[in-house]
Amino acid sequence: MMRTVFTLLLTILLWPVSSVQAQLQMPEPPLNISVDFARLPDSKDNAETTTGAVLAAVTIIPEKGWYTYSNQPGSLGQPTVLTASLAGSPEPLEVRYPPGVRKPDPFSPEEMVNLYLGEVTFFVSLPPDVALPADLRLHLSLLLCSEKSCMPVSLERTASLRQAEALPAAEKQPWWPEYGASSPGPQPDQVEPRHAAGPETTTGPETTKYAPEEEWSLNPRYYQSELEVGSIWKAIMLALLAGFLLNFMPCVLPVVSLKISSLVSGCVRGAQCSERARRQAFTEHNLLFAAGILAYFLVLSLVLSLFGLAWGELFQSPKLIMILSAAVFALALSLFDVYTLPIINLRSGMIDSGNPRASAFSTGVLATLLATPCSGPFLGGVLAWALVQPSMVVAIVFISIGVGMALPYLLMSAWPGLVRFFPKPGAWTVKLERIVGFFLLATCIYLINILPQDYLLSALVLLWITGVSFWIWGAWTDLNQSTRKRWTIRSAALSLVVAAAAWAVQPPEISVHWRDFSAEDFRGRLGQERLLVDFTADWCVSCKFLEQTTLTDKNLADWGKRYGLTYIRVDLTEQNPQGMSLLRELGSQSIPVVAVFPQGSDANRPLVLRDLFTSANMEEALDQLF
């Protein structure tokens, strides 16, 4: 066993170094580009060395389900910009863009934008009398989006024109009608950057909001320039030190319970075996715990380099955070005797049950995963240099960070005699289990705290169902039952957790934009827009029920499109004299109240709905008013 563990560690450490020349290719965007040349109708035959009136048609073909924003997208989205020039000439050529399709933005339906849906062609006019052959250099910048995510794309292509006389006629090409509808776009330096409208939340690659790349001209200076990295050897040395210091960072304290439990677990077994066996168990546990740390850092390096993510950016995914919080909560329950989990068992008195080797390795992976959001001393310069290097260099640096973090456990495995400094088990270990459990519950609070607000209710429901399910696991099963019955109950309990997780990680509906009420803003809009004003408060249970049943995001989005409504929310959670004044003017003293104000001369005759009402009631009122 010991030889196998050492072989595993040696493989993890040396594989990236031996493969440093290997290059992992970044995934290509789901987009194809083609360039065709044609002669415009008004051109005359010219010598073979000139182009005359030649047009380059640059066609982009996104894969099914993907779209992009037009060159003039509107208030949202990154403009699609094509820059073109001839090789050897700094002068940009004129580019003509089709107008795009005007429709509500898929991620912000209240905003109208211009989109390119499917295949689209741009046109570049080559100047006359250009010596042939000529190379046309193209740079395309756009925001490519699907239903779930957006990605900024920047591509370069070169197209060669060898002779002009044999070019086909432009008016016979399938894109000719698009050319007639196209118009010149602004120069690249005249394009104003806009915010992308993409989804608010990433899952790893599923749900992340992207903003357009901006060009900066900065020359930063660093206060501690000696800590900046310029070579792989300096990166390795600083990575080792940074990884070691990660064990002592305050941000790692929420997972210190896992480390304490791992050390004690290696000692508890010694109460039932000889001193030699006790040392062997201590060595084995620390080696496997260190192997878990190194394996995690190796996988992390591959994920970050492949997807271009930053350190800790995985925790921008609400899905990962919710699943991780449920896993940590389940581990905490096992330490309060709610149930016994056979794989990752942190209970010191149960080390001989289940699979202690899998438990040690898994605990090392979990502890390192929870520590990923932290960035300790020396780590900033190392990561800034490493994450722009080839994938194998990234792997070497990250393995070095892992070796540094695993160093205390590797040292303890090298000197198993240190086990005598750890106290032997007794009644105090039960109290330690409870303390570790409270540490894990604190970690759950930390994880939920970094979730977007829209996911908080889903996360709490997931934790509640997790608690019920693992209580069923522990209370409704025992060893006196048949194996089939016991695992049928456990499988049902796990199915509840899986179903709850599948429901919880679903992205929330697109939120409708509510404007906060102010008397000045309200007076400016009154009579000019159709207004729906909702009076609500956090302490109003009926208001919250109404928001969950009638004033849902889906209903509000539908009504906004159908009736052209502007939504204003009057929050009466705290003292709001202006809001209360408007409420009284509507003849009400209590909430919930919804008032709908029409445009024009009837704006001072709003339609008021009090207390609880249904979606059908709301639609009937809107139809009556409009």
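Quick note on numbering: the sequence shown equals residues -22 to -1, 1 to 604 in mature numbering (1 follows the signal peptide of the UniProt record, and there is no 0). Ideal Cβ positions, reconstructed from N, Cα and C, are used throughout, including at glycine.
- For PHE417 and PHE307, the gap between their C-alpha atoms comes out near 10 angstroms.
- Shown here, LEU282 sits in a helix according to DSSP, grouped into three states.
- VAL360 is the residue among SER566, LEU603, ARG412 and VAL360 whose C-alpha sits nearest the C-alpha of GLY221.
- The beta carbon of TYR387 sits closer than 7 angstroms to those of ASN264, PHE267 and ALA268, all from its chain and outside the five residues before and after it, given in chain order.
- Around the beta carbon of PRO570, 16 or more other beta carbons sit within 10 angstroms, so the residue counts as buried.
- Out of GLU88, TYR157, MET215 and ALA373, the CA that lies nearest to the CA of GLY52 is found in GLU88.
- Ranked by Cα distance from THR592, the options HIS491, CYS521, MET90 and ALA217 are led by CYS521.
- Runs of the alpha helix (DSSP H) lying entirely within the region 427 to 475, each at least 4 residues long, are 434 to 453 in chain order.
- Between the beta-carbon of SER436 and that of ALA497 there is about 36 angstroms, and that puts the pair past the 8 angstroms contact cut.
- If you ignore the 5 residues before and after PRO19, its C-beta comes within less than 6 angstroms of the C-beta of GLU149, all in its own chain and listed in chain order.
- In the three-state reduction of the DSSP assignment, HIS491 falls in the coil class.
- Distance from the CA of LEU218 to the CA of ALA336, rounded to the nearest whole angstrom, comes to 26 angstroms.
- In the displayed model, TYR387 falls within a helix according to three-state DSSP.
- Taking every protein chain shown into account, the CB of GLY502 has fewer than 16 other CB atoms within 10 angstroms, so this residue is exposed.
- Residues ASP14, ALA16 and ALA35 of the same chain have their beta carbon placed closer than 8 angstroms to that of GLN151, with the five preceding and five following residues left out of the count.
- Beta bridge pairing from DSSP links PRO82 with MET90.
- Counting every other CB atom within 10 Å of its CB across the protein chains shown gives ASP83 a total of 16 or more, marking it as buried.
- Less than 8 angstroms separates the beta-carbon of PHE314 from that of GLY415.
- Going by DSSP, ASN595 is part of the alpha helix (DSSP H) stretching over 593 to 603.
- The Cβ atoms of LEU120 and TYR45 lie no closer than 8 angstroms to each other.
- Under the three-state reduction of DSSP output, GLU507 falls in the strand class.
- Counting of Cβ neighbours within 10 angstroms places VAL519 among the exposed residues, the total staying below 16.
- Per DSSP, ALA213 is one residue of the alpha helix (DSSP H) stretching across 210 to 224.
- In the three-state scheme derived from DSSP, where H, G and I count as helix and E and B as strand, VAL277 is classed as helix.
- Under the DSSP assignment, PHE100 falls in the beta strand (DSSP E) whose first and last residues are 98 to 103.
- Taken atom to atom, the span from the alpha-carbon of GLY96 to that of ALA310 is near 50 angstroms.
- Assignment of ASN582 by DSSP, reduced to helix, strand and coil, places it in the helix class.
- In the three-state DSSP reduction, LEU139 falls in the strand class (E or B).
- Exclusion of the five residues before and after THR136 leaves ALA65, ASP113, LEU114, ARG115 and LEU116 as the residues of its chain whose Cβ lies within less than 8 angstroms of its Cβ.
- Of the residues LEU550, ASP499, TRP442 and PHE500, the one whose Cα lies closest to the Cα of LEU474 is TRP442.
- DSSP places ILE301 inside the alpha helix (DSSP H), whose first and last residues are 296 to 313.
- CA-to-CA, the gap between GLY342 and PHE226 works out to about 16 angstroms.
- ALA34 is bridged by DSSP to PHE15 and VAL102.
- Rounded to the nearest whole angstrom, the CA to CA distance from LEU472 to SER378 is 37 angstroms.
- DSSP places VAL59 outside any alpha helix (DSSP H); the residue lies instead in the beta strand (DSSP E), whose first and last residues are 59 to 64.
- For ILE39, the secondary structure class from DSSP, reduced to helix, strand or coil, is strand.
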